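See structure below.
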Amino acid sequence: MTVHDIRPTVDAPDDDPHIWLEEIEGTKPLEWVARQSAATLQRFGGQQFERDRDVLTAILNRPDKIPMVARRGNYLYNVWQDEQNPRGLWRRTTMASYKTPEPEWELLLDIDALATSENDDWIWSGAHIESKKRQRAIIRLSRGGSDAVVHREFDMDSFRFIEDGFNLPEAKGDLDWLDIDTVLISSALGEGMVTQSGYARTVRLWKRGSDPLSAPVIFECPPESMAVGADIDRSSGSERIWFVEQRSFFETTGWLGDREGAKQRLDVPATAWWNSYNKWLTVKPREDWTVSGITYPADTLLGMSLQAFLTGERNFQILFEAAPRRALQGFFWNDKKLVVSFLDNLAPRFEIFEPGEGKWTKTSVSALPAEGIVHLWSLDVEHDDTTGELLVAAQDPITPAQVLLLDIAKPEAIAAPTLLKQSPAVFDATGLVVTRHEAISTDGEAIPYTQIGPKGETGDAPVHMTGYGGFGLSMEPYYSASIGKLWLERGGTSVVANLRGGGEFGSAWHEAGRRAGKKLSHDDFAAIAADLVRRGVTRPERIAAEGGSNGGLLISNMLTRYPERFGALFCTIPLIDMRRYNKLLAGASWVDEYGDPDKPEDWDFLKELSAYHNAVPGRPYPPTLIATTRRDDRVHPGHARKMAAKLQALGYNTYFYEPEAGGHGYGKDNKERASFIALGYTFLRDAIGWKPVSE
Numbered sequence: 000m001t002v003h004d005i006r007p008t009v010d011a012p013d014d015d016p017h018i019w020l021e022e023i024e025g026t027k028p029l030e031w032v033a034r035q036s037a038a039t040l041q042r043f044g045g046q047q048f049e050r051d052r053d054v055l056t057a058i059l060n061r062p063d064k065i066p067m068v069a070r071r072g073n074y075l076y077n078v079w080q081d082e083q084n085p086r087g088l089w090r091r092t093t094m095a096s097y098k099t100p101e102p103e104w105e106l107l108l109d110i111d112a113l114a115t116s117e118n119d120d121w122i123w124s125g126a127h128i129e130s131k132k133r134q135r136a137i138i139r140l141s142r143g144g145s146d147a148v149v150h151r152e153f154d155m156d157s158f159r160f161i162e163d164g165f166n167l168p169e170a171k172g173d174l175d176w177l178d179i180d181t182v183l184i185s186s187a188l189g190e191g192m193v194t195q196s197g198y199a200r201t202v203r204l205w206k207r208g209s210d211p212l213s214a215p216v217i218f219e220c221p222p223e224s225m226a227v228g229a230d231i232d233r234s235s236g237s238e239r240i241w242f243v244e245q246r247s248f249f250e251t252t253g254w255l256g257d258r259e260g261a262k263q264r265l266d267v268p269a270t271a272w273w274n275s276y277n278k279w280l281t282v283k284p285r286e287d288w289t290v291s292g293i294t295y296p297a298d299t300l301l302g303m304s305l306q307a308f309l310t311g312e313r314n315f316q317i318l319f320e321a322a323p324r325r326a327l328q329g330f331f332w333n334d335k336k337l338v339v340s341f342l343d344n345l346a347p348r349f350e351i352f353e354p355g356e357g358k359w360t361k362t363s364v365s366a367l368p369a370e371g372i373v374h375l376w377s378l379d380v381e382h383d384d385t386t387g388e389l390l391v392a393a394q395d396p397i398t399p400a401q402v403l404l405l406d407i408a409k410p411e412a413i414a415a416p417t418l419l420k421q422s423p424a425v426f427d428a429t430g431l432v433v434t435r436h437e438a439i440s441t442d443g444e445a446i447p448y449t450q451i452g453p454k455g456e457t458g459d460a461p462v463h464m465t466g467y468g469g470f471g472l473s474m475e476p477y478y479s480a481s482i483g484k485l486w487l488e489r490g491g492t493s494v495v496a497n498l499r500g501g502g503e504f505g506s507a508w509h510e511a512g513r514r515a516g517k518k519l520s521h522d523d524f525a526a527i528a529a530d531l532v533r534r535g536v537t538r539p540e541r542i543a544a545e546g547g548s549n550g551g552l553l554i555s556n557m558l559t560r561y562p563e564r565f566g567a568l569f570c571t572i573p574l575i576d577m578r579r580y581n582k583l584l585a586g587a588s589w590v591d592e593y594g595d596p597d598k599p600e601d602w603d604f605l606k607e608l609s610a611y612h613n614a615v616p617g618r619p620y621p622p623t624l625i626a627t628t629r630r631d632d633r634v635h636p637g638h639a640r641k642m643a644a645k646l647q648a649l650g651y652n653t654y655f656y657e658p659e660a661g662g663h664g665y666g667k668d669n670k671e672r673a674s675f676i677a678l679g680y681t682f683l684r685d686a687i688g689w690k691p692v693s694e
């Protein structure tokens with residue numbers, strides 16, 4: 000009889016024989032990683048994987064894909080990746096040129112050439128362009144895709160870096176321009192400048208030519224808070240600075256101030272969403288909020304004069320009221336107008352408000368698709384530059400995206416958006432249909448999901464399931480090149496789950512899947528798997544499930560709690576060890592979502608979610624591939640490493656894969672991302688016994 004080492008366990012959670020795998024760059028852990036990754040590639044990295052990788056890489060590198068842009072001044076900026084430029088080109092064009100089939104681009108920076116010349120693994124992470132003269136930029140460069148970045152000043156005339164400019168070594172955080180000779184530093188760089196979550200705890204005023212580590216601190220938070228930040232706001236015609244202390248993931252405190260620091264606290268609930276533009280303030284409370292004798296229900300959007308609010312008035316205008324399955328998704332300002340997006344039973348809806356001292360004027364945007372996935376955002380990066388022009392992306396799971404230009408400054412133009420770009424179809428959607436269904440979870444709640452696949456039920460469909468269910472993020476069924484080409488086109492079926500813990504139906508939906516409710520979020524996913532069988536779509540051994548990050552926690556719980564409902568599991572960049580997660584990298588910042596394992600009352604429910612502690616021998620666990628990246632400095636790769644090691648020690652059919660780069664994602668370029676995905680789908684198809692005719 001085989002005796003297995005089942006440590007760590009729920010009863011002895013700190014007795015961890017695999018903790019040595021948390022040493023990310025240690026010699027022994029890296030040798031283990033190399034052996035494991037090689038074995039996985041040996042098993043699944045054959046000709047079919049290589050064909051899939053190459054097909055998907057070619058799709059991601061297509062020359063006719065949509066170049067997404069953002070406007071700063073007279074130019075539209077884009078970062079372009081293709082086969083010849085895997086790391087990317089930072090470039091710009093004009094709107095007139097962008098509207099043509101083949102825009103003319105001016106090259107600003109070749110990231111591949113930079114990485115080669117400096118012998119460093121540079122990945123583009125963004126840029127801030129000084130907003131007045133636009134002669135200088137601060138470029139963010141990441142090594143291998145990590146969240147920590149290097150900041151370097153760049154001359155926009157000569158296209159060269161400034162050696163003695165605003166340059167900062169690698170750290171998590173950001174810089175932003177106050178003027179050509181002054182920036183704000185919100186960076187974890189420097190002794191005592193980092194929170195327990197690994198983010199910046201101070202905002203510093205850095206003058207050109209001075210030592211950044213000696214720059215005066217003008218705002219700070221205690222180390223126990225998650226992070227601080229600063230937003231430079233010129234929308235009113237003069238400069239003001241909003242300082243924000245993020246006390247936890249869902250709690251913030253805002254202060255209005257200037258270059259000397261914070262002056263006046265914004266007296267709104269800590270859990271509220273809020274923003275300000277020009278002379279107006281908008282607030283969405285997460286919980287019911289009683290103020291001046293009036294109770295505003297959770298998720299109501301409120302607006303009023305900022306100056307009146309700061310002087311004590313609370314005469315709000317109600318702009319949006321939530322309802323069951325009708326939930327606010329976002330709101331932002333553009334050209335003195337407020338743009339509001341919400342989901343009405345998962346259908347996209349948009350409204351525009353023009354503020355006034357009396358009643359705010361509302362206009363519904365009816366010219367955009369009423370079904371599918373529709374997002375809109377400002378074309379201009381800087382709030383004070385906005386002219387009313389919005390970009391719109393519209394798609395559904397079998398219809399590729401199109402990008403439209405919507406001008407809300409002209410009433411007649413709201414009804415007539417202009418098509419800018421159309422993405423090509425990258426897989427054959429012939430015969431595919433998109434349907435909506437609901438599964439009943441363990442407590443009777445109806446859980447929506449979207450199914451994409453051939454019409455009619457066979458009882459044996461190869462199903463790919465995915466879900467997330469966390470942090471109030473809504474899961475939407477996009478047009479996916481990888482799912483479409485490597486699964487749907489070959490006769491498979493895809494399912495996207497809307498689990499509790501997400502934001503599809505507002506704060507209550509998120510709250511139901513938070514902390515102790517996270518178990519219900521996982522029950523929801525398992526209920527959908529069972530519903531697919533009940534409806535005659537498939538059988539359990541033909542269901543392949545994938546999830547990443549918080550979705551990796553979901554997948555690991557399907558393994559330990561509902562193994563009989565799945566045929567294969569692909570668990571990526573995952574959170575799994577719920578005993579130590581708050582001590583690993585950015586983990587402390589997620590206590591608001593999951594609970595604190597150092598508190599006995601929280602560990603009582605967290606121990607049920609910690610698949611690492613609940614994995615035991617003798618269960619019908621399906622084949623599992625656990626994959627992460629070494630440069631993920633958000634979710635520690637030790638989660639994935641330790642879970643794979645324990646499952647293998649228990650005798651389960653478990654594989655592990657860890658490329659070096661990629662950060663909290665699937666790779667640093669299109670080929671790496673395609674390799675990660677193709678390997679996972681090759682594994683899933685093999686594990687559920689599906690060999691499509693095309694293979």
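Start counting the sequence shown at 0; every next residue gets the next number (numbering that gives the first Met the number 0). Ideal Cβ positions, reconstructed from N, Cα and C, are used throughout, including at glycine. Quick caveat: nothing in here was measured; it's all calculated off a predicted structure.
In this structure, Thr571 lies away from Tyr620, with their beta-carbon atoms at least 9 Å apart.
In this structure, the straight-line span from the alpha carbon of Gly25 to that of Trp19 is close to 9 Å.
Only residues of its own chain outside the window of five on either side were considered, and among them Tyr76 and Val380 have a CB closer than 6 Å to the CB of Ala69, listed in chain order. Val634 has its alpha-carbon roughly 20 Å from the corresponding atom of Ser520. Per DSSP, Ala114 is not a residue of any beta strand (DSSP E); the alpha helix (DSSP H) it occupies stretches across Ile110 to Glu117. Bridge pairing for Tyr76: Ala69 and Arg91 [DSSP].
Counting only residues of its own chain and dropping the five nearest sequence neighbours on each side, Gln47 has a CB closer than 8 Å to the CB of Thr681 and Glu694. Within the DSSP secondary-structure output, Glu353 pairs in a beta bridge with Thr360. The criterion of a C-beta distance shorter than 9 Å is not satisfied by Ala543 and Val433.
The DSSP-derived three-state label of Glu49 is helix. Residues Leu140 and Glu169 of the same chain have their beta carbon placed closer than 6 Å to that of Val149, with the five preceding and five following residues left out of the count. Counting of Cβ neighbours within 10 angstroms places Asp334 among the buried residues, the total reaching 16 or more. Ala673 has its alpha-carbon roughly 36 Å from the corresponding atom of Ala515. DSSP, reduced to helix, strand and coil, places Val495 within a strand of the structure shown. For the pair of segments examined, the segment 131 to 138 was found to touch the segment 155 to 173: the number of CB pairs separated by less than 8 Å reaches three. Pairwise C-beta distances place the segment 634 to 645 in contact with the segment 579 to 588, as three or more of them are shorter than 8 Å. The three-state reading of DSSP puts Trp486 in helix, counting H, G and I together.
When beta bridges are read from the DSSP output, Ala346 appears opposite Asp343. Contact check for Arg541 against Asp595 fails: the beta carbons are separated by 9 Å or more. Residues Asp14, Asp15 and Pro16 of the same chain have their beta carbon placed closer than 7 Å to that of Arg6, with the five preceding and five following residues left out of the count. Here the C-alpha atom of Asp442 lies approximately 9 Å from the C-alpha atom of Asp523.
For the pair Met155 and Asp178, the Cα-to-Cα distance works out to about 15 Å. Setting aside the 5 residues that flank it on each side, Ala114 is surrounded in the same chain by Arg86, Asp120 and Trp121, each with a C-beta closer than 7 Å to its C-beta; the list follows chain order.
Around Val216, the same chain offers Thr201 and Arg203 as residues with beta carbons nearer than 6 Å, after the five sequence neighbours per side are excluded. When beta bridges are read from the DSSP output, Arg264 appears opposite Trp254.
Two segments are said to touch when three or more pairs of C-beta atoms, one from each, lie closer than 8 Å; by this definition the segment 275 to 290 does not touch the segment 256 to 263. Cβ-Cβ distances below 6 Å link Ala438 to Ile446, Ala526, Ile527 and Asp530 in the same chain, with the five nearest sequence neighbours on each side left out; the list follows chain order. When only Cα atoms are considered, Leu188 and Val243 end up about 18 Å apart. One thing to note: Ser340 has its Cβ within 9 Å of the Cβ of Phe349. The beta-carbon distance between Ala226 and Thr252, rounded to whole angstroms, is 12 Å. This is too long to meet the 8 Å contact definition.
Out of Asp175, Ala400, Ala271 and Ser493, the CA that lies nearest to the CA of Arg258 is found in Asp175. Excluding residues up to 5 positions away in sequence, Gly302, Gln316, Leu318, Phe352 and Glu353 lie with their Cβ nearer than 7 Å to the Cβ of Trp359 in the same chain. One Cα belongs to Ile231, the other to Glu238, and the distance between them is close to 7 Å. Cβ neighbours of Gly329 within its own chain (closer than 8 Å, five residues either side excluded): Val339 and Ser340. Its Cα nearest to that of Arg61, the residue Pro423 stands out among Ala11, Pro423 and Arg42. Within the segment 576 to 664, complete beta strand (DSSP E) segments of at least 3 residues are found at 623 to 626 and 653 to 656, given in chain order.
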